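Contents: one structure, followed by commentary.
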Amino acid sequence: MHHLYQIQAQIITNPIPSVEPNRIAVKLIGVCAAHGNMRHGELIFTHYLTSPNIFVCNALLKAFAQNNDWRSTVCYFNYQLVLPNAPDPDEYTFTSVLKACAGLAQAAEGEKIHSLVTKYGCESNLYVKNSLIDLYFKVGCFGIAQKLFDEMDVRDVVTWNTLVSGYCLSGHIDKAKGVFETMAEKTLVSWSTMISGYAKVGNLEEARRLFEEMPERNVVCWNAMIAGYAQNEKYADAINMFRRMQQEGGLAPNDVTSVSVLSACAHLGALDWGKWIDRYIRRKKMELGLSLGNALADMYAKCGCITEARRVFDKMQERDVISWSIIIAGLAMHGNANEAFGCFKEMIAHSVKPNEITFMGLLTACTHAGLVDKGLDYFHMMAPAYDIVPKIEHYGCVVDLLSRAGRLDEAEKLINSMSIKPNVIVWGALLGGCRKYKDAERGERVVHRILELDSEHSGSYVYLSNIYTSMGKFKDAARCRLRMRDNGVMKLPGCSWIEVDNTVYEFFMGDRSHPQSEKIYLMIKELRLKMKLAGYKPKTDIVVHSIDEEEKEDALSVHSEKLAIAFGLISTSEGTTIRIVKNLRVCNDCHDATKIISKIVRREIIVRDRSRFHHFKDGRCSCNDYW
DNA sequence: GTAGGGTTAG
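Going by full-length UniProt numbering, the final residue of the first sequence carries number 627, and the count climbs one at a time with no gaps.
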C-alpha cells in the first residue's frame, strides 16, 4: 500500500506530461480495489481528476462492485448520469452497475437501468445480457429472466451458469438441476453453484454426491461444501471436510474457508481447532477484515476465551454492528454484564447503530446478571431510540428475565399484551418461572397454552407430571407420562462434548460406548466417594421417573457432562483446564457437583451450556448460582 | 458477467 501513496504524491507534485492522468488513475484505482481500500480509490477519483473519461469512470464502478460496495457503485453511476461533462455509460459501465443492483436486489432501480441499457444501445452485449438475467433472478422476477434467456441467440457457459444459479437462489432446486443436466459444457462454477444450491435447501447428501463426482476441485467448491455443513448445523462434518481438504486437496484454505471453519468451531466449542486457524491466519498474514475478524472474535467468545475475543476485536481495523454485537453477546454469555453495557455505550459513541441482535446481547446480559429493571429499560428503549421493533426473541428474553426474578404477573401480562402471537419459547420462559416459584395454578394454565401450540412439548409434560407428583396426585402424574409416551414425545437427549488432542469426544447420558468407558465410570465412582466425604448431597428431587433413591442417584451421576468431566480428568494432565460444551442447560445437581469437583481435583472447569458459560474454580462458579 | 463467508431467546 505504501508505494501507492508514493506514486500518487509523485503524480500530484510532478505530473507526467506525456501520460494522460486518467490512465494513471485507472491503474491506481485498480490497486486500491485489489487492496480493498476503496476510500483511497474514491479520493483519487474525486480529488485528482479534472475530467474523468469513460475508462476511469468504469474502473471506479468496477472497483466498487468488486469490493461488494454496491451502494457506492449505484451512487457513482447516478452521479455520472447527472454530471454535465461526464461520458456516456457503455457496456462496461452497465455490467458493473447491474451487478450492484443485483446485489442490492432493488427491482425499481434495476428496471430503470434496464431502460438505460436500451437507450444507450448496449442490450446486444452478451455480458450485459447475462448481468440482466442475474439481476432479474435476484429481484425475484424469474419469468422475465427466463424470457431474456430464451430470446438470446448466443449464449455462453456463464449464461447457463446464471440460469442455474438463479433457480438455486430462488429455491427451485429441481429446475436448477434440470438446467444443469442439459448443459453441454460445465465449469467449476456450474458444479459449485449446484453444490451450494443443494446445501442451501439442506440436501447435503446430494451436495456431497455432486462434490465427490466433480472432475476437478478448487477452493470455492471446498468452501461451498464446508459452509454447507456449517450452515446446516453439521459442525463436526464441516471440520472433517476441512481436514480432508488439507490432506488431499493440495489447496490452501483462504479467508472464506477460515470463516466457515471458525463458525463451526464456535458452535462446537472446539477451541484447539479454532486456535489452529488463528495461527494459520497469522502465518499466512491474512488481513483481519470484517468477516474474518468477526468470526475469530466470536469463536474465542463462544469457546470460553472472552479476553482473547476482546483482543481480536481491539485489533480489528474496522468494526461493524456485527462486531459490536458479538463482543456484547460474548461478555453477556460470560456474565460480564457491566462490561457489556460499557461496550454498548462505546458502540454508540463510535456512532454505530445497534440492531435487533445487539439488543439480544444486552437483554441476555441482564438475564444472566438478574438485572430486571435494566433489561426492561433496554427493551423499552429499542423502538423509540433506535427504531427497532422488538421481535419475538426480545419478548422471549424479557419474559425470561421477569420469570426468573419471580415477577410472574408482569411476565404473563406482557405476553398477553404482545402484538405478535406468542410462541412456545415465550410461554416456556414463563413456565420456567412457574416451576422455580412453584406457581402451580399459573403453570397449568401455561402448559395448556403450550400444548395448544405444540402437542409434543416435552418440558410441559415433565412439568405437569412433577406438579401432580408433588401434590400427591400420582394417578394424574402417571396419566400425564402415559400421554407423553403415546404422543411419541421424546426429551432431547443431553449431550456433552470435550476436545482432547484435537478430537471432539461426544457423550450422551448414561453413555457406555466410549472405549475407555470402564475407566470413566471408575473415575465417577471415585469422585462420588470423595464428594460424599466433602459433604455433597445429590439433588434427587428433580428426577421424575424412578422411585428408588439409589437408582435416582445413579441417573444423576451419569449425566453427560459428568461423563465428559470424568473423561477429561483421566485424559489430560494435572492442573489443565477442562472445557465442556453441553447442548442443554446444566442441571442443578451437575452444577453443584461440578463446583465440588473443581475443588477436589484442583482444576478449573469451564462449562458452556445452552445459554452461558460457567467457570468453576475452587468450589465456586462464576455465575454465582444464578442461571 | 456466473459459484464460497460472520452476530439472534429456550
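Built from N, CA and C at the ideal position, the CB exists for glycine as well.
Being a predicted model, the structure only gives us computed values, none of them experimental.
Test item: CB-CB of residue i and residue j under 9 Å
i: residue 166; j: residue 201; result: no
i: residue 608; j: residue 582; result: yes
i: residue 135; j: residue 108; result: no
i: residue 523; j: residue 474; result: no
i: residue 340; j: residue 362; result: yes
i: residue 636; j: residue 113; result: Past the edges of the chain, shown from 1 to 627, lies residue 636, and the structure says nothing about it.
i: residue 265; j: residue 239; result: yes
i: residue 584; j: residue 495; result: yes
i: residue 440; j: residue 467; result: yes
i: residue 592; j: residue 536; result: yes
i: residue 405; j: residue 370; result: yes
i: residue 43; j: residue 22; result: no
i: residue 425; j: residue 443; result: no
i: residue 586; j: residue 594; result: yes
i: residue 392; j: residue 358; result: no
i: residue 509; j: residue 465; result: no
i: residue 360; j: residue 323; result: no
i: residue 460; j: residue 436; result: no
Top-ranked residue by Cα proximity to residue i, from the options
i: residue 346; options: 321, 57 and 134; result: 321
i: residue 430; options: 447, 420, 418 and 224; result: 447
i: residue 45; options: 70, 68 and 86; result: 86
i: residue 408; options: 433, 234 and 505; result: 433
i: residue 507; options: 29, 484 and 562; result: 562
i: residue 623; options: 589, 335, 537 and 306; result: 335
i: residue 132; options: 94, 245 and 273; result: 94
i: residue 128; options: 89, 142 and 164; result: 89
i: residue 504; options: 517, 558, 484 and 579; result: 579
i: residue 636; options: 206, 233 and 252; result: Residue 636 lies beyond the stretch modelled for the chain, which goes from 1 to 627, so this question has no answer here.
i: residue 308; options: 205, 500, 356 and 278; result: 278
i: residue 216; options: 203, 205, 245 and 206; result: 245
i: residue 204; options: 144, 177, 234 and 59; result: 234
i: residue 389; options: 398, 372 and 355; result: 355
i: residue 456; options: 484, 30 and 437; result: 484
i: residue 227; options: 192, 212 and 213; result: 192
i: residue 516; options: 534, 487, 569 and 559; result: 569
i: residue 606; options: 498, 558 and 512; result: 498
i: residue 629; options: 417, 452, 384 and 491; result: Not covered by the structure: residue 629. The range shown for the chain is 1 to 627.
i: residue 275; options: 38, 589, 520 and 299; result: 299
Alpha-carbon to alpha-carbon, residue j and residue i
i: residue 229; j: residue 35; result: 30 Å
i: residue 353; j: residue 40; result: 24 Å
i: residue 302; j: residue 572; result: 22 Å
i: residue 188; j: residue 225; result: 13 Å
i: residue 615; j: residue 72; result: 46 Å
i: residue 493; j: residue 236; result: 18 Å
i: residue 547; j: residue 463; result: The predicted position of residue 547 is uncertain, since its pLDDT is 41 and thus under 50; no value can be drawn from it.
i: residue 61; j: residue 100; result: 9 Å
i: residue 64; j: residue 241; result: 33 Å
i: residue 141; j: residue 119; result: 22 Å
i: residue 272; j: residue 296; result: 13 Å
i: residue 198; j: residue 292; result: 25 Å
i: residue 316; j: residue 613; result: 25 Å
i: residue 130; j: residue 162; result: 7 Å
i: residue 106; j: residue 139; result: 6 Å
i: residue 626; j: residue 79; result: 57 Å
i: residue 153; j: residue 160; result: 13 Å
i: residue 27; j: residue 70; result: 21 Å
i: residue 74; j: residue 501; result: 51 Å
i: residue 313; j: residue 294; result: 8 Å
i: residue 319; j: residue 283; result: 23 Å
i: residue 518; j: residue 565; result: 14 Å
i: residue 380; j: residue 413; result: 15 Å
i: residue 549; j: residue 610; result: Since pLDDT at residue 549 reaches only 49, below the 50 mark, its modelled position is unreliable, and the value read off the structure follows with that caveat. In a straight line, the C-alpha of residue 549 is about 28 Å away from that of residue 610.
i: residue 633; j: residue 349; result: Beyond the ends of the chain as shown, which are 1 and 627, falls residue 633; an answer cannot be given.
i: residue 545; j: residue 486; result: Residue placement at residue 545 cannot be trusted, given a pLDDT of 47 that sits under 50; what the coordinates show is reported in the next sentence. Residue 545 and residue 486: Cα-Cα distance of roughly 16 Å.
4 or more residues per run - each alpha helix (DSSP H) lying fully within the region 379 to 448: 392 to 404, 408 to 417 and 424 to 436
Any beta strand (DSSP E) of 3 or more consecutive residues that is wholly inside the region 172 to 245: none
Whole alpha helix (DSSP H) elements within the region 90 to 162, 4-residue minimum: Runs of the alpha helix (DSSP H) inside the region 90 to 162: 91 to 104, 107 to 119, 126 to 138 and 142 to 151.
The region 514 to 530 in contact with the region 475 to 484 per 3-pair CB rule at 8 Å: no
3-residue-minimum beta strand (DSSP E) runs that sit fully inside the region 26 to 88, ordered along the chain: You should have found no qualifying run.
In chain order, each alpha helix (DSSP H) run of at least 4 residues that lies wholly inside the region 473 to 501: The alpha helix (DSSP H) runs of length 4 or more contained entirely in the region 473 to 501 are, from start to end of the chain, 474 to 486.
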